[in-house]
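Before any comments, here is the structure.
Protein chains: 4
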Amino acid sequence: MSWQETTAPVGADGDEPASAQPHADLIKADILEVATAVFAEKGLNGARIDEIAELMRTSKRMIYYHFGSKDGLYRAVLAHCYGRIRTIESTLDLGARSPLDALAHLVRFTFDYQLANADFIRLVMVENIHRAEHIAQMPELHDLNLRVIESLRSLCARGAADGTMRPDMDPMDLHMSISALCFFNVSNQHTFSAIFDLDMVSAAATAARRASITDLILRSVQPR
Amino acid sequence: MSWQETTAPVGADGDEPASAQPHADLIKADILEVATAVFAEKGLNGARIDEIAELMRTSKRMIYYHFGSKDGLYRAVLAHCYGRIRTIESTLDLGARSPLDALAHLVRFTFDYQLANADFIRLVMVENIHRAEHIAQMPELHDLNLRVIESLRSLCARGAADGTMRPDMDPMDLHMSISALCFFNVSNQHTFSAIFDLDMVSAAATAARRASITDLILRSVQPR
Amino acid sequence: MSWQETTAPVGADGDEPASAQPHADLIKADILEVATAVFAEKGLNGARIDEIAELMRTSKRMIYYHFGSKDGLYRAVLAHCYGRIRTIESTLDLGARSPLDALAHLVRFTFDYQLANADFIRLVMVENIHRAEHIAQMPELHDLNLRVIESLRSLCARGAADGTMRPDMDPMDLHMSISALCFFNVSNQHTFSAIFDLDMVSAAATAARRASITDLILRSVQPR
Amino acid sequence: MSWQETTAPVGADGDEPASAQPHADLIKADILEVATAVFAEKGLNGARIDEIAELMRTSKRMIYYHFGSKDGLYRAVLAHCYGRIRTIESTLDLGARSPLDALAHLVRFTFDYQLANADFIRLVMVENIHRAEHIAQMPELHDLNLRVIESLRSLCARGAADGTMRPDMDPMDLHMSISALCFFNVSNQHTFSAIFDLDMVSAAATAARRASITDLILRSVQPR
DNA sequence: GATGAATGAGCTTTCATTCAT
DNA sequence: TATGAATGAAAGCTCATTCAT
Chain A
1 MSWQETTAPV GADGDEPASA QPHADLIKAD ILEVATAVFA EKGLNGARID
51 EIAELMRTSK RMIYYHFGSK DGLYRAVLAH CYGRIRTIES TLDLGARSPL
101 DALAHLVRFT FDYQLANADF IRLVMVENIH RAEHIAQMPE LHDLNLRVIE
151 SLRSLCARGA ADGTMRPDMD PMDLHMSISA LCFFNVSNQH TFSAIFDLDM
201 VSAAATAARR ASITDLILRS VQPR
Chain B
1001 MSWQETTAPV GADGDEPASA QPHADLIKAD ILEVATAVFA EKGLNGARID
1051 EIAELMRTSK RMIYYHFGSK DGLYRAVLAH CYGRIRTIES TLDLGARSPL
1101 DALAHLVRFT FDYQLANADF IRLVMVENIH RAEHIAQMPE LHDLNLRVIE
1151 SLRSLCARGA ADGTMRPDMD PMDLHMSISA LCFFNVSNQH TFSAIFDLDM
1201 VSAAATAARR ASITDLILRS VQPR
Chain C
2001 MSWQETTAPV GADGDEPASA QPHADLIKAD ILEVATAVFA EKGLNGARID
2051 EIAELMRTSK RMIYYHFGSK DGLYRAVLAH CYGRIRTIES TLDLGARSPL
2101 DALAHLVRFT FDYQLANADF IRLVMVENIH RAEHIAQMPE LHDLNLRVIE
2151 SLRSLCARGA ADGTMRPDMD PMDLHMSISA LCFFNVSNQH TFSAIFDLDM
2201 VSAAATAARR ASITDLILRS VQPR
Chain D
3001 MSWQETTAPV GADGDEPASA QPHADLIKAD ILEVATAVFA EKGLNGARID
3051 EIAELMRTSK RMIYYHFGSK DGLYRAVLAH CYGRIRTIES TLDLGARSPL
3101 DALAHLVRFT FDYQLANADF IRLVMVENIH RAEHIAQMPE LHDLNLRVIE
3151 SLRSLCARGA ADGTMRPDMD PMDLHMSISA LCFFNVSNQH TFSAIFDLDM
3201 VSAAATAARR ASITDLILRS VQPR
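Protein chains in written order, with my numbering: chain A, 1 to 224; chain B, 1001 to 1224; chain C, 2001 to 2224; chain D, 3001 to 3224.
Structure (structure tokens):
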């Protein structure tokens, strides 16, 4: 934990002010990209620092110079991925649509984003296998994810106000349902496909499931 | 794959006829129990053969004698866990209840079972990280899981017939929704708890989520 | 500190009952012997596990199997060396001689033993550079070294009683003086030789110094 | 030995004429001060160039610029420390006192100086672990330390002449005894304290030991 | 002079697996 | 059957040193 006895920077844990060394930042970004793929593919234990280094121009030593340890690199990868989804999520302008429309939009966006970013999904799975012990030490992620809850809260309020939604919706519960349905579609596709001899990733299957989930969520929020 | 250079049994891939050595079977069962816990706790790469051996009276040599390799042991663990859920699931007598009642019963059972068997959930996560490459080589699991689909199909048919359910339900899609909602509750509890500073395992939270999921599913199958 | 997650024995920290595996004990003894020489020669940081392994038939891996870590091996070496001097020291029968005679005998023995066991002296130097942090965790050494103090105490009492020694001698202080004079002769021979262009290890120089130290100590305990 | 591939000074091996760059000298002095502490604390192998650089404003590059290598820095540290004790020792005006008084004064000074300069003592220990191979290559230290022998020789001569000291004293032998007793008090305090559960550095213990050593030496030089 | 980035060689340690008894 | 001992390959990590600016 206290390996910071070297001269090295080993930052990248939080948001640093725009660094003065653009080259180093590029290399760090490259390492992060490759590491994301490898950690997502093999997990934390299965990933090899050697493999990550071999996949780029940088030597293994540089990974330790910039990230301090395998765990440090893994944490940086987590922070980067969580940060990216936040940035993108904030571009959704849910307030501009009617409550039900906005909700459908959010569900479809979540579905599409998670399907397109299987690496992120897999990293979250890996982190759950490790009982979230790394994320628990990254407090910068806390408020980051409260934003979506706030969005849902105001959405529910608007829906309750105009009568298009039930008045007793719990935004966190709703978020959980959306997340569960979209997440599972990616996270468990391999065992599902293997056991049911099914193709969950075909365009047709994907479109059908997307519609089904959207319908499921919309039904759940509407008054009877 | 051709590690069978020992003189020993190394079966356990399928269902052998009741072994003539009850002692050996007990040992295998013990190993399996411990290995399940360790693989679920640490994943395939994180699990250590040494640790598994240490947690029992049996030596490491016995693991190799009975299961051939770490992967062989892991496959046996998977087979054992999937087999157990099949056995239990078949005790549900869904046909004795009205369609909606049966469905609610199935959802609650699934929720409770997965919550109570986090080890199994974690193993499925681990297997998905490994892209289900081990399960894909275990054909005995194929038909095993088709049973629940058949149950759902007849349940949907009964519901459609008596008008309590929409006539266009896809049993596989329904199964996916139920699984997703119940699975996620266990699989992602650590990241969710860490990020939202939330207690997902308290009795209150669990009961609420259980009711919410049941309601969600029931609404989704009923005609408007 | 808690690396004991392997199957391995990793004992040798204390006095185990005579082990049932004579072969393994022989190998451990061999490792200990080689490691003693290397740690004494290069210090804890300068010693290389690779070098120790190469100096014998055993592989590097076996060192970890038997001793757990580099530090564990180092501690075992310390315990072994301290244990050996105890065993030998206890063979001195100081009670059978007159006080002054016994004291001279003890001084000459200490001088000879330390000169003949430069490895031990160097290990003590190494341990002092490390501020005795390893020895501090080896409580079994405590009472072990109190024996020589007890010997000196009774010797001083006898000498005070028969008038051959001053009545105000402090055994611990006396032990310190003897140790200092004998230890320094080995510990600092290299810098002394280099700076004064002197040969401290020739038979003549050694004999003279031995006599000088003995005289110094005897003078210090006698009444004026 | 032939690392002088830089374009830089890399002197510091001897006494250079007063440098024209006072700033550079200050930096060198700073480096030396920090390096002394680190080498004394961790030994040659345990010391890290990174750590030394971190403890100052100066970067690692400066260490190599001024001292060429880790070994070069270590040699400079040794030279600096030995040089300092020479300077101070020469301020003792032993000739102004009676022989026994002067000797007592020298003993007490040596005891106090070594106690107050544990860093120096530790460096000498480190150098002895390395068999004085670095000091052996620093000829400037040779005559430096002959001075104290000369002082002792004339002191002994004076004592022999006025009958207060034995006529057969060997100054080198006497120096060795004084050094041994004072050095050991610092060098072995950690193992001694650990093994005998003793506090060797308390003011009381220190004062007692100081008196005891002085008495020991004075007794040894006086005629019976 | 001064600094951050880079590096290669080598270090300690780990782990699935097999052997001897 | 059962166990302690053994192993090779490879993993994570470190460190003195140098380069580019």
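Don't be surprised by glycine CBs; every beta carbon is placed ideally from N, CA and C.
Proximity test, Cβ basis, 7 Å: residue i and chain D
| i | result |
| --- | --- |
| Val2124/C | yes |
| Asp2190/C | Here residue 2190/C turns out to be His, not Asp, going by the sequence shown. So, interface residue. |
| Ser2212/C | yes |
| Phe2184/C | yes |
Chain A contact for residue i (CB, 7 Å cutoff)
| i | result |
| --- | --- |
| Asp1168/B | no |
| Ser1187/B | yes |
| His1066/B | no |
| Ser1181/B | One point to set straight first is that residue 1181/B is Leu, not Ser, in the sequence displayed. It does; some Cβ of chain A falls within 7 Å. |
| Phe1111/B | no |
| Arg1219/B | yes |
| Gly1163/B | no |
Test: residue i CB closer than 7 Å to a CB of chain C
| i | result |
| --- | --- |
| Val3010/D | Annotation note: pLDDT 48 at Val3010/D (below 50); position unreliable, coordinate value reported separately. Closer than 7 Å: no. |
| Ser3154/D | no |
| Ser3019/D | Confidence is the limiting factor: at Ser3019/D the pLDDT is only 47, short of 50, which leaves the residue's position unreliable, though a coordinate-based value still follows. So, not an interface residue. |
| Gly3046/D | yes |
Straight-line gap, residue i to residue j (C-alpha atoms, nearest Å)
| i | j | result |
| --- | --- | --- |
| His105/A | Ile1178/B | 22 Å |
| Met172/A | Glu51/A | 39 Å |
| Arg1158/B | Thr191/A | 29 Å |
| Ile1027/B | Tyr1074/B | 16 Å |
| Glu3041/D | Thr3058/D | 20 Å |
| Leu3155/D | Ile2088/C | 41 Å |
| Val3107/D | Glu3033/D | 27 Å |
| Val201/A | Ala24/A | 38 Å |
| Arg219/A | Asp1119/B | 33 Å |
| Ala1180/B | Ala53/A | 36 Å |
| Phe3183/D | Leu2174/C | 16 Å |
| Val3038/D | Met3056/D | 12 Å |
| Met2165/C | Ala3205/D | 23 Å |
| Ala211/A | Phe109/A | 12 Å |
| Arg3224/D | Asp3215/D | 14 Å |
| His80/A | Gln1114/B | 31 Å |
| Ala2035/C | Ala3160/D | 50 Å |
| Ala994/B | Asp1093/B | For chain B, the structure presents residues 1001 to 1224; residue 994/B sits outside this window and is missing. |
| Pro3167/D | Ile3217/D | 15 Å |
Where residue i falls, given that 16 or more other Cβ within 10 Å makes a residue buried
| i | result |
| --- | --- |
| Ala163/A | Looking at the sequence itself, residue 163/A is Gly, so the reference to Ala does not match. By the 10 Å Cβ count, Gly163/A comes out exposed. |
| Ala1207/B | exposed |
| Gln189/A | buried |
| Pro139/A | exposed |
| Gln137/A | exposed |
| Glu3133/D | exposed |
| Glu99/A | Correcting the residue identity first, residue 99/A is Pro in this sequence and not Glu. So Pro99/A counts as buried. |
| His2066/C | buried |
| Ser3187/D | buried |
| Ala3076/D | buried |
| His1142/B | exposed |
Within-7 Å CB hit, residue i to chain B
| i | result |
| --- | --- |
| Ile225/A | The question about residue 225/A has no answer here: the residues shown for chain A are numbered 1 through 224. |
| Ala194/A | yes |
| Leu141/A | yes |
| Ile129/A | yes |
| Leu216/A | yes |
| Gly14/A | Reliability fails at Gly14/A, whose pLDDT of 39 lies under 50, so the model's placement of it is uncertain and the value that follows must be treated cautiously. Output row for Gly14/A: interface = no. |
Taking the runs of the alpha helix (DSSP H) that are 4 residues or longer, which of them lie wholly in the segment 3019-3089 of chain D?
-> Segments of the alpha helix (DSSP H) lying fully in the segment 3019-3089 of chain D: 3022-3046, 3049-3054, 3060-3067 and 3070-3089.
Using 8 Å as the Cβ pair cut-off and three pairs as the minimum, do the segment 194-202 of chain A and the segment 1144-1154 of chain B touch?
-> Touching, per the Cβ criterion.
Evaluate the contact criterion for the segment 83-99 of chain A versus the segment 39-49 of chain A: three or more CB pairs, one atom per stretch, below 8 Å.
-> Touching, no, given that fewer than three Cβ pairs across the two stretches are closer than 8 Å.
Quick one: which unbroken beta strand (DSSP E) runs of 3-plus residues sit fully inside the segment 107-188 of chain A? Chain order, please.
-> Fully enclosed beta strand (DSSP E) runs of 3 or longer: not present.
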